[in-house]
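See structure below.
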Amino acid sequence: VRLAEFPTGTTTITDNTAEWSITPTQLYTYQGATIEKVTTNDALYSDEYNTAGWQQSAVTRTDGVSGDPYGTSTARMYLETTGAGQHLIDLKTLTLTSGTTFTTGYLVKGGLGRRYVSAWGDDGTNGGMVVFDLQTKTVHSQEARGSGTINNAGITQIGDWDLVWVNVTKPVGTAYRTVLLTIHDNGISEGFAGDVTKGLYVQHKFINLGGGIPSSLIKTTTAAVTRNADALSYDTANWFADGQAGTIQVD
């Protein structure tokens, strides 16, 4: 939900954790405040490489890359190695009970010669994989594996980054992986001879064991973090004084 005041004016909107001083510009460019529900990010070390939260294979990683969505230099660049096979940016294993529905998502950016990336979760046999096209900003293909179920998937733009996510239900077993890997530019091949000049930029990892759809970024380190629901109030009393007028738009 976004709220805006027209045509001019500055208003403070307060939730349970923060305040924003909002000055509208134009109807077609102003975004206003984003109101979100309670969401937990269960991924450890969401925005930095640490073996407690990430595991890579057949890629090389460069930390401290500039241009991250926070306006700092905490992004990472992953380039493929030359060997044939899967080039895995993350294949971290989780321990989950059977029937758990969860969402896994990654904030990624192209520009390094690879158009396709996949996000998935499985136990080696059962699960689901979704391939995303970073050029058209769409789901390119998806595949349920074994007795796994894909409930939903999507790609959301955050600035010039893309949050790719998939919601799956874990059918059996206890060991489960959340996976992000590069896909050959035919949009199909998971295993291929890598090119050391090609890969992806990666910033953030999201896991929600309740299966929620990711929204704004929730940073974590050693433990899961829950963002409380936003509760918005907006004082319009001054609009009803003589000579005053205003409009509220909610979409």
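The sequence shown stops at residue 252 when you use the numbering used here, and every number in between is there.
In this text, a Cβ means the ideal position worked out from N, Cα and C, and glycines have one as well.
For S67, DSSP assigns no beta-bridge partner whatsoever. The closest CA to that of N127, considering only Q136, G192 and K171, is found on K171. A direct Cα-Cα distance of roughly 16 Å separates N168 from H141. When DSSP states are grouped into helix, strand and coil, D196 belongs to the coil group. Under the three-state reduction of DSSP, E144 is assigned to strand.
With the rule of 3 Cβ pairs closer than 8 Å, the stretch 134 to 150 does not count as touching the stretch 77 to 93.
Distances from the CA of V132 to each of N229, D48, A59 and I184 were compared; the closest alpha carbon is that of I184. Where L182 is concerned, the enclosing beta strand (DSSP E) starts and stops at A176 to I184. For T40, the CB contacts under 8 Å within the same chain, skipping 5 residues up- and downstream, are N209, G213, P215, S216, I219, T227 and R228 in chain order. Remark: C-beta atoms of T157 and S47 do not approach each other more closely than 8 Å. Fully contained in the stretch 59 to 142 are the following beta strand (DSSP E) runs of length 3 or more, in chain order: 60 to 66, 76 to 81, 88 to 96, 102 to 110, 117 to 123 and 128 to 134.
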